[in-house]
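Enquirer:
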Amino acid sequence: MIQFLLKPKNISDADVIRGTTFLESTAEKTLYAATAIYQMNLPTVCAADEICRVLNICVPTVPTIQPKERSTVYVKVPETGLSINVGPKGTFVEGHIDSGNIGRAVVFGNCIKAWLCFPPTTHNMRLWAAHLGTNPAFAIYGSRLQGGIIIRTSNDPSDDGNCITLREGTYHAVFTVSGGFLGGINYATHECLAVMTQCIVLQLPRAKDDGIDVDITWFSDTLRELIEFQPPEQESIHSALYNIVLILQVMEDHPLKRGFRAFQTMDIAIDAILQELRVHREDRHGVCKCDCGLDMMATRDGLMKHY
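Position in the sequence shown (first residue = 1) + 1024 = our numbering.
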């Protein structure tokens, strides 16, 4: 699968990441794609070597594996589409939450993954937020997480299956039992907005910028697409806008932290969402049918007064 996707004619269009660095040179991309293929069968004793650092290759979107029905809202991972994760036997991916979106992943060939998954309860979310930036996070507080299950994905019929869907907010850590390739996509529906909001609300008071920009982008893109495709009188719109109020309340409660980039990024995102609401009210869907009037709801003060 990966060899098919990364034929020489396509490698220049792929985003290849070595560690945290995006590679620009086609020659470098080809080299590291070949390295990724070599990593597949390396033994566990090599896991600490430089050659075994996890390599991510993001290839253009493959339409056939996207959700075939768009019942609510679908948001693509910006500029990446399908993501291929490559790691040798023994690789461990630290526990994390994928920005409140939904993730679907499938193993290829002989790859075997063990997933430790925990639901987004208030207790689990607070533990996650309190230890952001801590390493190794899972070793420190993993035993205190609640409601966990272990899932093993492989192409062996005796296992749980070769594909996994992680609902929004699922805290998960991943172990590579047998090296190989894991392909996946992330997307969001309006049902994800509540968990996305919780992720942002828990991170903003920390006044740190690590990772929150991605969460804000997912929240903003999802809500803006919901506004575009749903009439403003729909209950889903009102439920979604309430999430903005929750974020605004946190920002008002921490006025001394407004200089941090995370607060500024959130400000810009909220302005863009409200502008989207005003545009689609005037051009497409008319005026909100609730007593408050959409004119007031399309401003920050209006939202705060309404909710």
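In this text, a Cβ means the ideal position worked out from N, Cα and C, and glycines have one as well.
I'd like the span of the alpha helix (DSSP H) that includes Ile-1251, first residue to last.
Expert: It spans 1236-1253 - the alpha helix (DSSP H) in which Ile-1251 sits, taken as one unbroken run.
Enquirer: Taking the alpha-carbon positions, what's the Tyr-1266 to Leu-1272 distance?
Expert: When rounded, the distance between both Cα atoms is 10 Å.
Enquirer: So, does the segment 1160-1173 touch the segment 1139-1151, judging by three or more C-beta pairs under 8 Å?
Expert: As far as the Cβ criterion goes, the segment 1160-1173 touches the segment 1139-1151, which means the pair count is three or higher.
Enquirer: Use the C-beta contact count for Gly-1111: other C-beta atoms within 10 angstroms, 16 or more gives buried, fewer gives exposed.
Expert: Gly-1111 should be labelled buried.
Enquirer: Are the beta-carbon atoms of Ile-1297 and Leu-1226 separated by less than 8 Å?
Expert: No, the pair does not count as a contact, with Cβ atoms beyond the cut-off.
Enquirer: Can you look up Cys-1135 in the DSSP assignment and give me helix, strand or coil?
Expert: Of the three classes helix, strand and coil, the one that applies to Cys-1135 here is coil, per DSSP.
Enquirer: Could you check the C-alpha separation between Ile-1250 and Asn-1179 for me, to the nearest Å?
Expert: In the sequence as displayed, the identity of residue 1250 is Leu instead of Ile. One C-alpha to the other measures close to 36 Å.
Enquirer: Which same chain residues end up closer than 8 Å to His-1155 when comparing Cβ atoms and leaving out the 5 residues on each side of it in sequence?
Expert: The answer, listed in chain order, is Ala-1161, Ile-1164, Tyr-1165.
Enquirer: Report the CB separation of Asn-1125 from Asn-1210 in whole angstroms; it is logged as a contact under 8 Å.
Expert: With a Cβ gap of about 5 Å, Asn-1125 and Asn-1210 count as contacting.
Enquirer: Along the chain, which unbroken stretches of the beta strand (DSSP E) at least 3 residues long are found entirely within the segment 1193-1233?
Expert: Entirely contained in the segment 1193-1233, the beta strand (DSSP E) runs reaching 3 residues are, in chain order, 1195-1202, 1204-1211.
Enquirer: Tell me whether the beta-carbon of Gly-1204 lies closer than 8 Å to the beta-carbon of Val-1117.
Expert: In this structure, Val-1117 does not lie closer than 8 Å to Gly-1204 by Cβ.
Enquirer: Compare the beta carbon distance of Ala-1212 and Trp-1242 with 8 Å and say whether it is the shorter of the two.
Expert: Against a cut-off of 8 Å, the Cβ pair of Trp-1242 and Ala-1212 comes out as a contact.
Enquirer: So, using beta-carbon positions, are Arg-1285 and Met-1275 closer together than 8 Å?
Expert: No, they are not a contact pair.
Enquirer: Within a Cβ cutoff of 7 Å, which residues of the same chain sit near Ile-1175, ignoring the five residues on either side of it in sequence?
Expert: Around Ile-1175: Trp-1139, Cys-1141, Asp-1184, Ile-1188.
Enquirer: Using three-state DSSP, classify Ile-1121 as helix, strand or coil.
Expert: In this structure, Ile-1121 counts as coil in the three-state DSSP scheme.
Enquirer: Straight-line CA distance for Lys-1329 to Asn-1186?
Expert: C-alpha separation (whole angstroms): 49 Å.
Enquirer: Within 7 Å: the Cβ of Ile-1126 and any heavy atom of the ligand ADP?
Expert: With respect to small molecules bound, the structure shown includes none, and the ligand ADP cannot be examined in it.
Enquirer: Taking the alpha helix (DSSP H) that Arg-1302 falls in, what are its first and last residues?
Expert: Residues 1285-1304.
Enquirer: What is the DSSP secondary structure of Ala-1322, reduced to helix, strand or coil?
Expert: Reduced to three states, the DSSP call for Ala-1322 is coil.
Enquirer: Counting only the same chain and skipping the five closest in sequence on each side, list residues whose C-beta sits under 6 Å from that of Ile-1236.
Expert: Around Ile-1236: Gln-1227, Ala-1286.
Enquirer: If you compare alpha carbons, which of Gln-1254, Ile-1261, Glu-1252, Leu-1217 is closest to Ile-1240?
Expert: Taking only the C-alpha atoms, the option nearest Ile-1240 is Leu-1217.
Enquirer: Helix, strand or coil for Met-1050? Go by DSSP, reduced to three states.
Expert: For the record, residue 1050 in the displayed sequence is Thr; it is not Met. Three-state result, Thr-1050: helix.
Enquirer: Could you tell me whether the Cβ atoms of Lys-1137 and Leu-1206 are closer together than 8 Å?
Expert: Closer than 8 Å, so yes.
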